[in-house]
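Residue numbers (this note's numbering): 4 to 522.
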């Protein structure tokens, strides 16, 4: 079950256990049950502080739990936590065994003080790179608060539950039997949802902050680079981010980051965050900007009003809010998000095994998604708005060798249809003939590029028709003291390495303009 190298690493990790822990298992003679037994026995071999007890009291079979001896288990794994979830297993073992978590003390205190009872269930797929963040956050909450339980459920193993709850995207989390959230969530986001007073407390603390020399809005590659370059000048620097890492957190494989042949989005973001925190940068994560107020309207300082009511001020602001997946903007799309309308084939693709799906978009992302989905889905239909596919030729050639893939170009999507609980079809139009068609489907994966996150600057900064912020070659915008960098701007190529360079350039420009007295 665990190869020799990984087993050696696990043994080294378990040497950090500060107290005995117990594995409580409900097993059967199924293939998965036997694999789970093998996994648990291999864990036992790695530490004398781990024991195993079999029971018939767990609600799902096969499954296992981790607890202190004599205590009722609060962390459950209904599935084999391998692949991306292996780290979730290791952390659960360590944290239950007393190894301190790597989170801020304020977060620990907030978890411990939560009132009420919280029973979390998280449906995952082992190919999902976003699922572990949710599982690990909820597991930590269960370790720290006796009124919290966390269960990871492999949707492929417990398909009846997935069908009954009509789960079509992962991670999907339930709290006390009701749907709590879909998609990646950090522990701070989860706490903000369950702790009703958290937003008000955060706004109060943010409102007390002194003005910054440079305030970076956005925590993606451009924002991280801008913060590092600004902080190295020895000036007061802050980063305001709705989600540190931005879109990169949702990127599975990165193979064009110079000097790094291969990495994954979450790993790169962790490195970015660690680098930023090596400097005296005030990182304000999980905070959403609401409005930009130019210095001319605010007594000489640029202001950013937050959605929680707080206001931050700075001599200069660098906007690096990035971009998001572009949506189709058709009737039914919002209603059936995560109920047939998906954006991540890697995460949600396993839920459509043996089913009929479509991919909207014929660029590299769309064709790569279609190739991946064709391996498990009954059929894949690629719909491209233009007359020809835009993907690289090598991808198109691969696509056309797949027997269960159809390609239709010059097609406009008109509507997502459904039965109220899940999508059932797409309504489309042939752009050359005007003929409309209804295409019965179980799911659709939208891969039509990016849209700049510039809505809160509309009418304040100059933008192009695509909503991208217009900048000069020094990253200045149309408003003095306000700079912009990365995918939110009109820079032509949307690449991580280019965004980093633009972020650095924006910080250097802001610093130089202040020295020269331009702002």
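Backbone N, C-alpha and C fix where the C-beta goes; we use that ideal spot for every residue, glycine too.
If I follow the unbroken beta strand (DSSP E) through residue i, where does it start and stop?
{"i": "residue 157", "result": "151 to 157"}
{"i": "residue 293", "result": "292 to 296"}
{"i": "residue 90", "result": "Taken as a continuous stretch (DSSP letters only), residue 90 belongs to no beta strand (DSSP E), being part of the alpha helix (DSSP H) at 89 to 99."}
{"i": "residue 133", "result": "Element bounds for residue 133: n/a, residue is neither H nor E."}
{"i": "residue 360", "result": "359 to 363"}
{"i": "residue 184", "result": "181 to 185"}
{"i": "residue 78", "result": "78 to 81"}
{"i": "residue 122", "result": "121 to 127"}
{"i": "residue 117", "result": "Element bounds for residue 117: n/a, residue is neither H nor E."}
{"i": "residue 55", "result": "53 to 57"}
{"i": "residue 486", "result": "485 to 487"}
{"i": "residue 68", "result": "66 to 70"}
{"i": "residue 15", "result": "Note, residue 15: premise wrong, no beta strand (DSSP E); alpha helix (DSSP H) at 7 to 17."}
{"i": "residue 30", "result": "First-last for residue 30: undefined, no H or E at that position."}
Do residue i and the ligand MN come close, with the Cβ less than 7 angstroms from some heavy atom?
{"i": "residue 85", "result": "Judged by which ligands are present, the structure shown has none, so any question about the ligand MN falls away."}
With C-beta atoms as the reference, is residue i less than 8 angstroms away from residue j?
{"i": "residue 409", "j": "residue 289", "result": "no"}
{"i": "residue 449", "j": "residue 363", "result": "yes"}
{"i": "residue 171", "j": "residue 517", "result": "no"}
{"i": "residue 89", "j": "residue 155", "result": "no"}
{"i": "residue 491", "j": "residue 326", "result": "yes"}
{"i": "residue 214", "j": "residue 317", "result": "yes"}
{"i": "residue 202", "j": "residue 506", "result": "no"}
{"i": "residue 485", "j": "residue 361", "result": "no"}
{"i": "residue 477", "j": "residue 512", "result": "yes"}
{"i": "residue 24", "j": "residue 52", "result": "yes"}
{"i": "residue 222", "j": "residue 246", "result": "yes"}
{"i": "residue 349", "j": "residue 87", "result": "no"}
{"i": "residue 55", "j": "residue 95", "result": "no"}
{"i": "residue 105", "j": "residue 49", "result": "no"}
{"i": "residue 501", "j": "residue 319", "result": "no"}
{"i": "residue 57", "j": "residue 4", "result": "no"}
{"i": "residue 359", "j": "residue 465", "result": "no"}
{"i": "residue 427", "j": "residue 440", "result": "no"}
Please report the straight-line C-alpha distance between residue i and residue j, rounded to a whole angstrom.
{"i": "residue 99", "j": "residue 321", "result": "42 angstroms"}
{"i": "residue 101", "j": "residue 21", "result": "5 angstroms"}
{"i": "residue 85", "j": "residue 125", "result": "15 angstroms"}
{"i": "residue 529", "j": "residue 110", "result": "The requested residue 529 does not occur in the structure, where the chain is confined to residues 4 to 522."}
{"i": "residue 2", "j": "residue 268", "result": "Outside the modelled stretch of the chain, which goes from 4 to 522, sits residue 2, for which no answer is possible."}
{"i": "residue 34", "j": "residue 63", "result": "15 angstroms"}
{"i": "residue 480", "j": "residue 286", "result": "24 angstroms"}
{"i": "residue 438", "j": "residue 405", "result": "27 angstroms"}
{"i": "residue 499", "j": "residue 260", "result": "7 angstroms"}
{"i": "residue 309", "j": "residue 328", "result": "23 angstroms"}
{"i": "residue 295", "j": "residue 196", "result": "26 angstroms"}
{"i": "residue 147", "j": "residue 16", "result": "20 angstroms"}
{"i": "residue 40", "j": "residue 495", "result": "54 angstroms"}
{"i": "residue 272", "j": "residue 193", "result": "20 angstroms"}
{"i": "residue 315", "j": "residue 284", "result": "15 angstroms"}
{"i": "residue 189", "j": "residue 433", "result": "42 angstroms"}
{"i": "residue 225", "j": "residue 475", "result": "16 angstroms"}
{"i": "residue 489", "j": "residue 462", "result": "20 angstroms"}
{"i": "residue 179", "j": "residue 140", "result": "17 angstroms"}
{"i": "residue 83", "j": "residue 248", "result": "29 angstroms"}
{"i": "residue 415", "j": "residue 403", "result": "21 angstroms"}
{"i": "residue 509", "j": "residue 412", "result": "40 angstroms"}
{"i": "residue 323", "j": "residue 278", "result": "17 angstroms"}
{"i": "residue 487", "j": "residue 199", "result": "34 angstroms"}
{"i": "residue 157", "j": "residue 128", "result": "6 angstroms"}
{"i": "residue 163", "j": "residue 169", "result": "10 angstroms"}
What first and last residue would you give for the alpha helix (DSSP H) that runs through residue i?
{"i": "residue 504", "result": "499 to 519"}
{"i": "residue 102", "result": "Unbroken run through residue 102: none, as it is neither H nor E."}
{"i": "residue 172", "result": "First-last for residue 172: undefined, no H or E at that position."}
{"i": "residue 40", "result": "34 to 49"}
{"i": "residue 473", "result": "From DSSP, residue 473 is part of no alpha helix (DSSP H); its letter is neither H nor E."}
{"i": "residue 164", "result": "162 to 167"}
{"i": "residue 348", "result": "348 to 351"}
Exercise for review: Report yes or no: do three or more beta-carbon pairs, one from the region 206 to 214 and one from the region 383 to 397, lie closer than 8 angstroms?
Suggested key: Flag = no, the region 206 to 214 and the region 383 to 397 do not touch.
Check your understanding: Counting Cβ pairs closer than 8 angstroms, one from the region 130 to 147 and one from the region 320 to 340, do we hit at least three?
Key -> no
Practice item. List in chain order: all unbroken beta strand (DSSP E) runs of 3+ residues lying wholly within the region 188 to 264. Key: 215 to 220, 240 to 244
Review point. Are the region 444 to 459 and the region 471 to 489 in contact at 8 angstroms, needing three or more beta carbon pairs?
Key: yes
Exercise for review: Evaluate the contact criterion for the region 240 to 252 versus the region 337 to 357: three or more CB pairs, one atom per stretch, below 8 angstroms.
Suggested key: At 8 angstroms Cβ cutoff, the stretches do not touch.
Review point. Unbroken beta strand (DSSP E) runs of length 3 or more, entirely within the region 366 to 454: which are they?
Key: 382 to 387, 408 to 412, 414 to 421, 426 to 433, 439 to 443, 446 to 449
Check your understanding: Going along the chain, which unbroken runs of the beta strand (DSSP E) with 3 or more residues stay wholly within the region 271 to 335?
Key -> 284 to 288, 292 to 296, 305 to 309, 314 to 322, 326 to 328
Check your understanding: For the region 145 to 161 against the region 67 to 79, are there 3 or more C-beta pairs whose distance is under 8 angstroms?
Key -> yes
Check your understanding: Is it true that the region 376 to 383 meets the region 393 to 401, where meeting means three or more beta-carbon pairs spaced less than 8 angstroms apart?
Key -> no
Check your understanding: Taking contact to mean at least 3 C-beta pairs separated by less than 8 angstroms, is the region 343 to 357 in contact with the region 166 to 186?
Key -> The region 343 to 357 vs the region 166 to 186: in contact.
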